[in-house]
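Comments concern the structure below.
Number of protein chains: 2
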Amino acid sequence: MKVAVLAPVAWRTPPHHYGPWEQMASNVAEGLVALGVDVTLFATADSHTAGTLAAVVAQGYEEDRTQDAKVVECLHISHLMERAAEFDLIHNHFDFLPLTYSRLIPTPMVTTIHGFSSEKILAVYEKYATSTAYVSISHADRSPRLPYAATVYNGLRVNDFVYTEKPDDYLLFFGRIHPDKGTAEAIDIARRSGKRLLIAGIVQDAAYFREQVEPLLSDDIVFLGPAGPAQRNQLLGQALALLHPIRFAEPFGLSVAEAQLCGTPVIAFNKGAMPELIQEAQTGFLVDNVGQAVEAVQQIGSISRAACRAWASANFSQEKMAADYLAVYKELI
Amino acid sequence: MKVAVLAPVAWRTPPHHYGPWEQMASNVAEGLVALGVDVTLFATADSHTAGTLAAVVAQGYEEDRTQDAKVVECLHISHLMERAAEFDLIHNHFDFLPLTYSRLIPTPMVTTIHGFSSEKILAVYEKYATSTAYVSISHADRSPRLPYAATVYNGLRVNDFVYTEKPDDYLLFFGRIHPDKGTAEAIDIARRSGKRLLIAGIVQDAAYFREQVEPLLSDDIVFLGPAGPAQRNQLLGQALALLHPIRFAEPFGLSVAEAQLCGTPVIAFNKGAMPELIQEAQTGFLVDNVGQAVEAVQQIGSISRAACRAWASANFSQEKMAADYLAVYKELI
Numbered sequence: 001m002k003v004a005v006l007a008p009v010a011w012r013t014p015p016h017h018y019g020p021w022e023q024m025a026s027n028v029a030e031g032l033v034a035l036g037v038d039v040t041l042f043a044t045a046d047s048h049t050a051g052t053l054a055a056v057v058a059q060g061y062e063e064d065r066t067q068d069a070k071v072v073e074c075l076h077i078s079h080l081m082e083r084a085a086e087f088d089l090i091h092n093h094f095d096f097l098p099l100t101y102s103r104l105i106p107t108p109m110v111t112t113i114h115g116f117s118s119e120k121i122l123a124v125y126e127k128y129a130t131s132t133a134y135v136s137i138s139h140a141d142r143s144p145r146l147p148y149a150a151t152v153y154n155g156l157r158v159n160d161f162v163y164t165e166k167p168d169d170y171l172l173f174f175g176r177i178h179p180d181k182g183t184a185e186a187i188d189i190a191r192r193s194g195k196r197l198l199i200a201g202i203v204q205d206a207a208y209f210r211e212q213v214e215p216l217l218s219d220d221i222v223f224l225g226p227a228g229p230a231q232r233n234q235l236l237g238q239a240l241a242l243l244h245p246i247r248f249a250e251p252f253g254l255s256v257a258e259a260q261l262c263g264t265p266v267i268a269f270n271k272g273a274m275p276e277l278i279q280e281a282q283t284g285f286l287v288d289n290v291g292q293a294v295e296a297v298q299q300i301g302s303i304s305r306a307a308c309r310a311w312a313s314a315n316f317s318q319e320k321m322a323a324d325y326l327a328v329y330k331e332l333i
Numbered sequence: 001m002k003v004a005v006l007a008p009v010a011w012r013t014p015p016h017h018y019g020p021w022e023q024m025a026s027n028v029a030e031g032l033v034a035l036g037v038d039v040t041l042f043a044t045a046d047s048h049t050a051g052t053l054a055a056v057v058a059q060g061y062e063e064d065r066t067q068d069a070k071v072v073e074c075l076h077i078s079h080l081m082e083r084a085a086e087f088d089l090i091h092n093h094f095d096f097l098p099l100t101y102s103r104l105i106p107t108p109m110v111t112t113i114h115g116f117s118s119e120k121i122l123a124v125y126e127k128y129a130t131s132t133a134y135v136s137i138s139h140a141d142r143s144p145r146l147p148y149a150a151t152v153y154n155g156l157r158v159n160d161f162v163y164t165e166k167p168d169d170y171l172l173f174f175g176r177i178h179p180d181k182g183t184a185e186a187i188d189i190a191r192r193s194g195k196r197l198l199i200a201g202i203v204q205d206a207a208y209f210r211e212q213v214e215p216l217l218s219d220d221i222v223f224l225g226p227a228g229p230a231q232r233n234q235l236l237g238q239a240l241a242l243l244h245p246i247r248f249a250e251p252f253g254l255s256v257a258e259a260q261l262c263g264t265p266v267i268a269f270n271k272g273a274m275p276e277l278i279q280e281a282q283t284g285f286l287v288d289n290v291g292q293a294v295e296a297v298q299q300i301g302s303i304s305r306a307a308c309r310a311w312a313s314a315n316f317s318q319e320k321m322a323a324d325y326l327a328v329y330k331e332l333i
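For the record, the sequence lines run as chains A and B.
Position 203 of the first sequence, counting from 1, maps to 203 under UniProt numbering, and the rest follow consecutively.
Position 73 of the second sequence, counting from 1, maps to 73 under UniProt numbering, and the rest follow consecutively.
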């Protein structure tokens, strides 16, 4: 089977640092190659793949800001569309714009909807619901206005995450510093639990950081800034638990899967995809408020860290994701 | 011949007020209908045409700001592309994005390049130079990097512009208030000529207006704000001359053609398309600086206003433009 994987071109595939959509396009492409699929990855020219790379854009438009994003996007997409007949299937990770070429080509298209940046883009997805198969990244992220062929969870490279049997005694907040992610709630949970809290992530909302996070920093509430892959492994693995008190319906939550791969249970507010990512009382706790989260911290010793690793490996691995997508492709062809 | 005319969807076609690309798409469509061509105009749903209107976008995204421009653009373009086989030819007035669909459809495409918003978009035009025929709106606006099938000047509805034999005694600046358009130079020319100056246009550069225009306003240097069609006719027609001391290579200059249609000569800095729009010493004067412009004002009585009207009617009419495009289409089919 010849499959074209269409990555975004904001960042390199896989990304150097940030770039979740490019990361998943890479994990899908490499996972398919491992399953013996003939994969051509359409991505920036500095991208890496064990398949065949096809590129007309030198660098991501977020990495070389002299470029016009709209120009490189449409040149990148049309490059694939003009070669569509070479492939048995196109797997689109590039949001809605490629859909508008889909009725002009002979090749079936699977589109992973990594998220809805706005309610307004639904009009495009609705129009093309009959000419492309949609995959959601969680049941929670499905729009009632669209038909879906499947839910396929994001898959990670399991071996990149080191399992840690004996953790340190701190709690961890890992993610963007933003009200949606509940940084202030995490601080509250840690203080009321009498535990140390490490905070790692980029400051996305500067006013929120200045007003609701910074004044509470201390020897026990420590802000580390963003963490690279090596530090991430250590921070996630050695945490007693990941605190994930989100205030929005998160479509997936990569750090929740990553923590569990390291053996670390997750205490999350019960929103969005959290019930799909966490096995209640087995790999963490789903709670509704800070008080319940504090109780969950007291019970964290009841969680088997090996169970966290096993659950995440079974459900959120690159191999599982690639196999699930292959089943979707076969259904479609 | 069945022709699809693709207008932008920033504004209604024709526009209520501003919207030069939509205006030209309308003039082409209506001019072709008058020549007996079977025209389908792809534009916003509130647009008007004597041909057939095809629309999936209710209102222009500049008129209903709740819309996402990228969403309505790609839905609008793909609507035409999916119907491409119904037409003998597509005439694209929508910049570069439609080009990226052109190799996926069976229908030849003519693209009028109304201007280059940035050097960066040239990459798209270069890629599609073999699959669409480019038309420039003046010889001056041609990029040396592109092949062109023809130059076709913008064409106006001649009867919308009333010829005025006996003007008033004022000079006119008509256009955006911006350094490119030379508002300050126009004031200088008027003062040194001892003539009254009326200034009509939207303030595009507020700092420039505040610093270099506003302090010089007086009983003789009058700022009127933007002018609608009725006032435009009166202002253009009753002017002794239009001052057009541009500081950039203007690709066309609609007001220059409009003034001449009203019988009003134009004194312009010799840049961009000005030598193509003005017949030197017959319908105006091409000058290099303010001093030469002042001399030209002294000689303005030597210009025949009837000659201005005749020249502009012969070269910048909707009828001429439609006939010129029809010749381009026939060459291509």
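Glycine is no exception: its CB is placed at the ideal position from the N, C-alpha and C atoms.
Because the structure is a prediction, the values reported are computed rather than measured.
| message | Taking 6 Å as the limit between beta carbons, can you name the residues of its chain near residue 279 of chain A, skipping five residues before and five after? | response | Your numbering for residue 279 of chain A matches position 279 in the first sequence. The residues are 311.
| query | In chain order, what residues of the stretch 100-131 of chain A put their CB closer than 7 Å to some CB of chain B? | reply | 100, 101, 103, 104, 105, 118, 120, 121, 123, 124, 127
| query | Checking contacts by CB at 8 Å: is residue 80 of chain B closer than that to chain A? | reply | In the second sequence, counting from the first residue as 1, residue 80 of chain B sits at position 80. False, the Cβ-Cβ gap to chain A never drops below 8 Å.
| task | Going by DSSP, name the residue or residues bridged to residue 177 of chain B. | result | By one-based count along the second sequence, residue 177 of chain B stands at place 177. Paired residue(s): B:203.
| query | Secondary structure at residue 280 of chain A, three-state DSSP: helix, strand or coil? | reply | Mapped onto the first sequence, residue 280 of chain A falls at position 280. DSSP places residue 280 of chain A in strand when its eight states are reduced to three.
| request: Can you give me the Cβ contacts of residue 78 of chain A inside the same chain, cut-off strictly under 8 Å, excluding the 5 residues immediately before and after it? | output: Taking the first residue of the first sequence as 1, we reach residue 78 of chain A at position 78. Within the same chain, residue 78 of chain A has close Cβ partners 101.
| message | Tell me the residue span of the alpha helix (DSSP H) that contains residue 109 of chain A. | response | Mapped onto the first sequence, residue 109 of chain A falls at position 109. It is not in any alpha helix (DSSP H) - residue 109 of chain A instead sits in the beta strand (DSSP E) that spans 109-113.
| query | Excluding five sequence neighbours on each side, which residues of the same chain lie with their C-beta closer than 8 Å to the C-beta of residue 246 of chain A? | reply | In the first sequence, the residue the question calls residue 246 of chain A occupies position 246. 180, 181, 182, 253, 268, 269, 271, 272, 274, listed in sequence order.
| query | CB-CB under 6 Å to residue 45 of chain A, same chain, minus the five flanking residues each way: which ones, in chain order? | reply | One-based indexing of the first sequence puts residue 45 of chain A at position 45. Cβ neighbours of residue 45 of chain A beyond the five flanking positions: 55, 58.
| said: Under 8 Å: do the stretch 282-291 of chain A and the stretch 300-316 of chain A share three or more Cβ pairs, one atom per stretch? | reply: yes
| query | With 16 other CB atoms within 10 Å as the buried threshold, where does residue 91 of chain B fall? | reply | As a working mapping, residue 91 of chain B is identified with position 91 in the second sequence. Buried, because 16 or more other Cβ atoms sit within 10 Å of the Cβ of residue 91 of chain B.
| query | Smallest Cα separation from residue 27 of chain A: which of A:155, A:38, A:230, A:249? | reply | For this step, residue 27 of chain A is matched to residue 27 along the first sequence. With distances taken between Cα atoms, residue 27 of chain A lies closest to A:155.
| query | What residues from chain B crowd round residue 9 of chain A, counting only those whose CB sits closer than 7 Å? | reply | As a working note, residue 9 of chain A is residue 9 in the first sequence. By Cβ distance, chain B contributes nothing, its closest Cβ being about 13 Å from residue 9 of chain A, past 7 Å.
| query | Terminal residues of the continuous beta strand (DSSP E) containing residue 89 of chain A? | reply | In the first sequence, the residue the question calls residue 89 of chain A occupies position 89. That run of the beta strand (DSSP E) goes 89-92.
| message | From the DSSP secondary-structure annotation, give me the bridge partner or partners of residue 222 of chain A. | response | The residue you call residue 222 of chain A lines up with position 222 of the first sequence. Paired residue(s): A:198.
| request: Determine whether the Cβ of residue 97 of chain B lies closer than 8 Å to any Cβ atom of chain A. | output: Along the second sequence, one-based indexing puts residue 97 of chain B at 97. It does: the Cβ of residue 97 of chain B has a partner Cβ on chain A nearer than 8 Å.
| request: List the DSSP bridge partners of residue 317 of chain B. | output: If you number the second sequence from 1, residue 317 of chain B lands on position 317. Per DSSP, B:156.
| query | Which of helix, strand or coil does DSSP assign to residue 271 of chain A? | reply | One-based indexing of the first sequence puts residue 271 of chain A at position 271. In the structure shown, residue 271 of chain A sits in coil (DSSP, three-state: anything other than H, G, I, E or B).
| said: Quick check on the DSSP output: the alpha helix (DSSP H) that includes residue 70 of chain A runs from which residue to which? | reply: On the first sequence, position 70 is the one that residue 70 of chain A refers to. Run containing residue 70 of chain A: 69-81, per the alpha helix (DSSP H) assignment.
| residue 295 of chain A: which of A:147, A:232, A:74, A:195 sits nearest, CA to CA? | In the first sequence, counting from the first residue as 1, residue 295 of chain A sits at position 295. Residue 295 of chain A has its Cα closest to that of A:195, out of A:147, A:232, A:74, A:195.
| task | Residues of the UniProt domain "Glycosyl transferase family 1" (166-300) of chain B with a CB closer than 8 Å to any CB of chain A: list them in chain order, please. | result | none
| query | Is the CB of residue 77 of chain B under 8 Å away from at least one CB in chain A? | reply | Along the second sequence, one-based indexing puts residue 77 of chain B at 77. So, interface residue.
| query | When the distance is taken between beta carbons, is residue 124 of chain A closer than 8 Å to residue 71 of chain B? | reply | Reading the second sequence from its first residue, position 71 is the one you call residue 71 of chain B. Reading the first sequence from its first residue, position 124 is the one you call residue 124 of chain A. Cβ distance < 8 Å, so residue 71 of chain B and residue 124 of chain A count as in contact.
| query | What first and last residue would you give for the alpha helix (DSSP H) that runs through residue 183 of chain A? | reply | Here the question's residue 183 of chain A lines up with position 183 in the first sequence. Looking at the DSSP string, the run of the alpha helix (DSSP H) that includes residue 183 of chain A is 183-193.
| Cβ atoms of residue 197 of chain A and residue 236 of chain A: under 8 Å apart, would you say? | The residue you call residue 236 of chain A lines up with position 236 of the first sequence. The residue you call residue 197 of chain A lines up with position 197 of the first sequence. No; because the gap between Cβ atoms is not below 8 Å, this pair is not in contact.
| said: Since residue 11 of chain B and residue 63 of chain B should fall inside the 8 Å C-beta cutoff, what is the C-beta to C-beta distance between them, to a whole number of angstroms? | reply: As a position in the second sequence, residue 11 of chain B is number 11, starting the count at 1. As a position in the second sequence, residue 63 of chain B is number 63, starting the count at 1. That pair is a contact at about 6 Å.
| request: Might you give, ordered along the chain, the residues of its own chain that have their beta carbon closer than 8 Å to the beta carbon of residue 328 of chain B, omitting 5 neighbours on each side? | output: Here residue 328 of chain B is taken as the residue at index 328 of the second sequence, counted from 1. Closer than 8 Å at Cβ, skipping near neighbours: 110, 133, 135, 149, 150, 152.
| query | Shortest alpha-carbon distance to residue 4 of chain B belongs to which of B:215, B:187, B:130, B:94? | reply | For the purposes of this step, residue 4 of chain B is identified with residue 4 of the second sequence, where counting begins at 1. Of the candidates B:215, B:187, B:130, B:94, the one whose C-alpha sits nearest the C-alpha of residue 4 of chain B is B:94.
| Buried versus exposed call for residue 107 of chain A [16 or more other C-beta atoms within 10 Å across all chains shown] | Here residue 107 of chain A is taken as the residue at index 107 of the first sequence, counted from 1. Buried.
| field | Residues near residue 223 of chain B in its chain [Cβ-Cβ closer than 6 Å; skip 5 each side] | value | Within the second sequence, numbered from 1, the residue matching residue 223 of chain B stands at position 223. Around residue 223 of chain B: 199, 217.
| message | Please list, in chain order, the chain A residues whose beta carbon lies closer than 7 Å to that of residue 68 of chain B. | response | Here residue 68 of chain B is taken as the residue at index 68 of the second sequence, counted from 1. Result: 118, 120, 121.
| task | Give the residues of chain A in contact with residue 71 of chain B, contact being defined as C-beta atoms less than 8 Å apart. | result | Walking along the second sequence from the start, residue 71 of chain B turns up at place 71. Result: 96, 120, 121, 123, 124.
| field | Three-state secondary structure (DSSP) of residue 208 of chain B | value | Position 208 of the second sequence, counting from 1, holds the residue named residue 208 of chain B. Residue 208 of chain B falls in the helix class under three-state DSSP.
| field | For residue 332 of chain B, three-class secondary structure by DSSP | value | Walking along the second sequence from the start, residue 332 of chain B turns up at place 332. Residue 332 of chain B: helix per DSSP, three-state reduction.
| request: Check whether the Cβ of residue 308 of chain B lies closer than 8 Å to any Cβ atom in chain A. | output: Position 308 of the second sequence, counted from the first residue, corresponds to residue 308 of chain B. By this cut-off, residue 308 of chain B is not an interface position.
| query | Roughly how many whole angstroms lie between the Cα atoms of residue 293 of chain B and residue 39 of chain B? | reply | Counted from its first residue, the second sequence places residue 293 of chain B at position 293. Counted from its first residue, the second sequence places residue 39 of chain B at position 39. The straight-line gap from Cα to Cα measures roughly 44 Å.
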